[in-house]
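Below: one structure, written as structure tokens.
Residue numbers (my numbering): 524 to 768.
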């Protein structure tokens, strides 16, 4: 039974008159406390075995503040917040480094990432990594440089979504202007939705505010998918672009 049901007062009220004296309604906190550490250890062992079967991994990391304002850095293969991404574009969140009350300098982040307990990342598997990615904040930029100094075959790459890579700037601007135009025009969105009903793939545009390559890739893919319908509507005069787009 889902905890959403068990946590409801109805569960206790229901169990009492059933004369089930040997049964107590499970408590969510007790269950999670006893099982979470075991499940996490098992999941990380499985993830480490899987990641070590790949080459050309990408390491990415970013800062994040929880609702309790804990300063957390996450690493992984190709996803911000210590992620690891494989050459097949699969990303895995592999660790969250809590630095509450500690200055999150580039050196400190690099030191944490290379500790033995995070061996899934670099200390024992660095030869499997080909790139490290982050945004251009000073501390993570420094961390990237330190990683690439220690393991010089790893390429140092700023996140294209911020955007700091010249080749990505214009396409990203174009895609964002297109999706922004439609998000601000209910009429145009309706015309597009009706036009797409005749298409084999009738999914419309999607837009994301997060500066993550995976979400931007979905956004760009949606523009490409809808482009013929947009062009057809434009040529018939159903709407006109009155923005920079």
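Glycine included, C-beta positions come from ideal geometry on N, C-alpha and C.
Under the assumption that residue i contacts residue j (Cβ atoms under 8 Å), give the Cβ distance between them as a whole number of angstroms.
i           : j           : result
residue 580 : residue 657 : Contact doesn't hold; Cβ gap of about 15 Å is too wide.
residue 722 : residue 756 : Not quite, the Cβ-Cβ distance comes to about 12 Å (not below 8 Å), so this is no contact.
residue 695 : residue 739 : 7 Å
Assign residue i to one of three DSSP states: helix, strand, or coil.
i           : result
residue 533 : helix
residue 710 : helix
residue 692 : helix
residue 600 : Note that residue 600 scores a pLDDT of 35, beneath 50, so its modelled location is shaky; the value from the coordinates is reported in the next line. In this structure, residue 600 counts as strand in the three-state DSSP scheme.
residue 550 : coil
residue 698 : helix
residue 703 : helix
residue 581 : strand
residue 629 : helix
residue 762 : coil
residue 677 : coil
Out of curiosity, what's the CA-to-CA distance linking residue i and residue j?
i           : j           : result
residue 705 : residue 765 : 11 Å
residue 727 : residue 532 : 43 Å
residue 607 : residue 655 : 9 Å
residue 553 : residue 567 : 22 Å
residue 525 : residue 536 : 17 Å
residue 659 : residue 744 : 25 Å
residue 761 : residue 714 : 7 Å
residue 649 : residue 583 : 13 Å
residue 675 : residue 759 : 55 Å
residue 667 : residue 636 : 11 Å
residue 748 : residue 754 : 12 Å
residue 638 : residue 627 : 16 Å
residue 708 : residue 550 : 49 Å
residue 585 : residue 680 : 14 Å
Leaving out the 5 sequence neighbours to the left and right, which residues in its chain are closer than 7 Å to residue i when beta-carbon positions are compared?
i           : result
residue 729 : 741, 742, 745
residue 725 : 719
residue 592 : With a pLDDT of 49 at residue 592, under the threshold of 50, the modelled position of that residue is not reliable, and the figure given next carries that caveat. Taken in chain order, the list of residues that qualify is empty.
residue 612 : none
Excluding the five sequence neighbours on either side, which residues of its own chain have a C-beta within less than 8 Å of the C-beta of residue i, listed in chain order?
i           : result
residue 752 : 715, 718, 719, 722
residue 678 : 653, 654, 655, 671
residue 669 : 629, 630, 633
Looking only at its chain, what residues have a beta carbon closer than 6 Å to the beta carbon of residue i, apart from the 5 residues adjacent to it on each side?
i           : result
residue 651 : 578, 580
residue 711 : 705, 762
Can we say the region 663–670 touches the region 688–705, given the rule of at least three CB pairs closer than 8 Å?
no
Check whether the region 627–639 and the region 556–570 touch, using three or more Cβ-Cβ pairs below 8 Å as the test.
no
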